[in-house]
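The next block holds one structure in the form of structure tokens; read it before the comments.
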Amino acid sequence: MLIGIAGTSIIHLSKGVMKHGVERLRACTIAASASGDSATGAPVPPGGLRRRARVIYAAGVAMNFTNPLWVIVANRFAPTVYYTSMYGAGLVSLLLFSRLVLHERLDRRRLFGAMVVIAGTLLVGFSRIVTPVPAMYFANRTRVLLAAGCWALAAPLVGLLSRRGSLTLQELLFGLFGGGLASLEAVLKGVAQSGAAGSTFLPQTGANWWVFAVSFAGAAGAFGMIQWSYLRRCRVSIMAAAYDVSYVALPLLLVPLAFSGERLGMLPVAGLVVLGIGAFVIQSGPAASVPPVA
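Each residue of the sequence shown is one higher than the one before, counting from 0 in numbering that gives the first Met the number 0.
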């Protein structure tokens with residue numbers, strides 16, 4: 000769980016850093032376009048500003064790409080759900096970054112919703128301490144792979160169909176499906192790293208190596224959904240809150256599917272309810288609209 004807190008803080012910050020780089024690149028592009036209009040006389044942005052924006056974006060990408068490493072290390076010591084249950088704690092660092100650097104203004108309702116999401120993830124994490132999860136070695140691989148495949152197919156379709164929706168709805172959907180893809184990457188890695196004698200840092204069989212390789216598609220899909228949300232001008236703080244809900248909830252919901260005879264206890268269900276309330280509060284504010292971009 001401590002690995003989860005450290006990893007989630009870095010991954011959340013990476014979203015803010017990438018958004019910061021994207022916004023600065025967009026500003027440079029707009030300024031360069033304006034300079035071509037003789038009527039404006041706007042100066043061309045210095046090359047140094049554009050390079051700095053690219054460096055900021057690249058730094059965010061590099062931070063984001065550390066996610067598989069955190070997952071691999073965490074899976075070595077405990078089932079995946081212990082790592083994913085801590086994910087919402089990193090939202091604190093992103094909210095601070097969004098306010099201080101990105102200057103995103105959250106109304107009190109959405110800020111309260113984000114705090115509820117954090118509380119829900121911590122409750123889920125506590126429930127995993129009280130009620131341990133079976134080792135990933137006993138998970139039904141076929142069911143897990145089918146669930147991952149269905150989610151991966153649905154994510155881009157939802158992105159396309161939500162193109163003309165409100166900004167708030169797009170933030171919610173991109174966050175939920177992007178977070179789901181990222182959580183499935185963690186789950187698949189947990190399955191691949193599992194063994195009869197315990198988890199290992201790397202897979203020990205050919206079949207597990209295939210599952211391990213497929214898991215990176217989840218990471219790529221989550222990364223793609225994040226970048227797509229930036230093109231839609233989604234606010235990173237709102238999108239990330241929805242991302243956290245899915246990242247924590249989906250592995251928990253997969254437990255009864257992956258392990259025959261397993262049921263969700265009262266505490267995990269309570270955590271899911273709190274997460275749902277947080278997501279509803281975030282989405283229930285006045286909807287902002289955004290012109291279709293991509």
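Here a beta-carbon is modelled for each residue, glycine too, at the ideal position from N, C-alpha and C.
Only a predicted model underlies this, so the values are computations on that prediction, with no experimental measurement involved.
Practice task
With a cut-off of 8 Å on the beta carbons, I'd call Gly-179 and Ser-245 a contact; round off their distance for me.
Solution key: Counting from one through the sequence shown, the residue named residue 179 turns up at place 180. Counting from one through the sequence shown, the residue named residue 245 turns up at place 246. Contact flag correct, Cβ pair sits at about 4 Å.
Exercise for the section: Can you grab the Cα-Cα spacing for the pair Pro-267 / Asn-139, in whole Å? Expected result: Along the sequence shown, read from residue 1 onward, the residue named residue 267 stands at position 268. Along the sequence shown, read from residue 1 onward, the residue named residue 139 stands at position 140. A direct Cα-to-Cα measurement between Pro-267 and Asn-139 gives close to 21 Å.
Practice task
Could you say which of Gly-3, Leu-48 and Ile-9 lies nearest to Arg-312 if we only look at CA atoms?
Solution key: Absent from the structure is residue 312, since the part of the chain shown begins at 0 and ends at 293.
Problem - Arg-107, DSSP secondary structure in three states - result: Taking the first residue of the sequence shown as position 1, residue 107 is located at position 108. It is helical.
Problem - Local conformation of Pro-202 per DSSP, three classes - result: Counting from one through the sequence shown, the residue named residue 202 turns up at place 203. Looking at Pro-202 - three-state DSSP - the assignment turns out to be coil, as it is neither helix nor strand.
Exercise for the section: Would you kindly check if the distance between the Cβ of Asn-63 and the Cβ of Ser-126 is under 7 Å? Expected result: As a position in the sequence shown, residue 126 is number 127, starting the count at 1. As a position in the sequence shown, residue 63 is number 64, starting the count at 1. Their beta carbons are not under 7 Å apart, which means Ser-126 does not touch Asn-63 by this criterion.
Practice task
Using 10 angstroms around the beta-carbon of Leu-171, count the other beta-carbons present and answer buried if the total reaches 16, otherwise exposed.
Solution key: Residue mapping note: residue 171 aligns to position 172 of the sequence shown, counting from 1. That one is buried.
Problem - Leu-110 versus Val-100, Leu-93 and Leu-121, residue with shortest Cα-Cα distance - result: Looking up residue 110 in the sequence shown gives position 111. If you compare the alpha carbons of Val-100, Leu-93 and Leu-121 with that of Leu-110, the shortest gap goes to Leu-93.
Exercise for the section: Would you check if there are 3 or more beta carbon pairs closer than 8 Å linking the segment 88 to 103 to the segment 223 to 235? Expected result: Per the Cβ contact rule, the segment 88 to 103 is in contact with the segment 223 to 235 (3 or more Cβ pairs under 8 Å).
Handout entry: DSSP state of Asn-139 mapped onto helix, strand, coil
Key = Residue mapping note: residue 139 aligns to position 140 of the sequence shown, counting from 1. Judged by DSSP in its simplified three-state form, Asn-139 adopts coil rather than helix or strand.
Exercise for the section: Within its chain, find whatever has a CB closer than 6 Å to the CB of Asp-243; leave out the 5 residues flanking it on each side and keep chain order. Expected result: Locating residue 243 in the sequence shown gives position 244, counting from the first residue. Cβ neighbours of Asp-243 beyond the five flanking positions: Tyr-86, Gly-87, Leu-90 and Val-116.
Practice task
Give the range of the alpha helix (DSSP H) segment to which Met-238 is assigned.
Solution key: As a first step, residue 238 is located in the sequence shown; it is residue number 239 there, counting from the start. Here the alpha helix (DSSP H) through Met-238 covers 235 to 257.
Exercise for the section: Would you identify the three-state DSSP class for Met-62, choosing helix, strand or coil? Expected result: For this step, residue 62 is matched to residue 63 along the sequence shown. Residue state, collapsed to three classes: helix.
Handout entry: Start and end residues, alpha helix (DSSP H) containing Val-91
Key = Counting from 1 along the sequence shown, the entry for residue 91 is found at position 92. First-last of the alpha helix (DSSP H) with Val-91: 90 to 99.
Practice task
Compute the beta-carbon to beta-carbon distance between Gly-3 and Tyr-56, rounded to the nearest angstrom, for a pair I have assumed lies under 8 Å.
Solution key: What you label residue 3 is simply residue 4 of the sequence shown in a count that begins at 1. What you label residue 56 is simply residue 57 of the sequence shown in a count that begins at 1. Contact check for Gly-3 and Tyr-56: beta-carbon distance about 26 Å, past the 8 Å limit, so the pair fails to qualify.
Exercise for the section: Kindly list the residues whose CB is nearer than 6 Å to the CB of Ala-61, restricted to its own chain and excluding five residues on each side of it in sequence; keep chain order. Expected result: As a first step, residue 61 must be located in the sequence shown, where it is residue number 62. No residues qualify anywhere along the chain.
Handout entry: Distance, Ala-216 Cα to Asn-74 Cα
Key = Taking the sequence shown and counting its residues from 1, one reaches residue 74 at position 75. Taking the sequence shown and counting its residues from 1, one reaches residue 216 at position 217. Each residue's alpha carbon lies about 18 Å from the other.
Practice task
Take Ala-151 and list the residues in its own chain whose beta-carbon comes closer than 8 Å to its own, dropping the five residues that flank it on each side.
Solution key: Your numbering for residue 151 matches position 152 in the sequence shown. A distance below 8 Å between beta-carbons, with the five flanking residues on each side excluded, links Ala-151 to the following residues of its chain, in chain order: Leu-180, Leu-183, Ala-216, Gly-217 and Gly-220.
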